[in-house]
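Asker:
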Amino acid sequence: MEREQLNEHWDDVAADWEDMARAAAYILQAEGLRAMKLAKDLRDNYGVLKLNMSPSQKMLFSALVDID
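Dropping the structure here:
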């Protein structure tokens, strides 16, 4: 391959990696938002949930969700 063809090839490879990194960032961001929503839902429903929990479950849940 000529130098110009090699440069074009590696530019294409770099662009592909950049696209994959961008896609991975979007996926991680979406997963982070889902996790934040789940944590918010757990906090919002804590009063209802704790009615059905043993004291040890309440302590564990409070530690995990950072409540109280």
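Once you know that position 55 of the sequence shown is 55 in UniProt numbering, the rest is easy, because the numbers rise by one and skip nothing. Built from N, CA and C at the ideal position, the CB exists for glycine as well.
Please state whether DSSP places Leu-51 in a helix, a strand or coil.
Answerer: Taking the first residue of the sequence shown as 1, we reach residue 51 at position 51. DSSP places Leu-51 in coil when its eight states are reduced to three.
Asker: Given this structure, state the Cα-to-Cα distance separating Asn-52 from Ser-62, to the nearest angstrom.
Answerer: Taking the first residue of the sequence shown as position 1, residue 52 is located at position 52. Taking the first residue of the sequence shown as position 1, residue 62 is located at position 62. Taking the straight line from one Cα to the other gives about 14 Å.
Asker: Quick check: the Cα distance between Lys-40 and Met-20, rounded to an integer number of angstroms?
Answerer: Sequence index remark: in the sequence shown, residue 40 carries index 40 (1-based). Sequence index remark: in the sequence shown, residue 20 carries index 20 (1-based). Approximately 30 Å between the Cα atoms of the pair.
Asker: May I ask you to report which of helix, strand or coil DSSP gives Asn-7?
Answerer: Here the question's residue 7 lines up with position 7 in the sequence shown. Helix.
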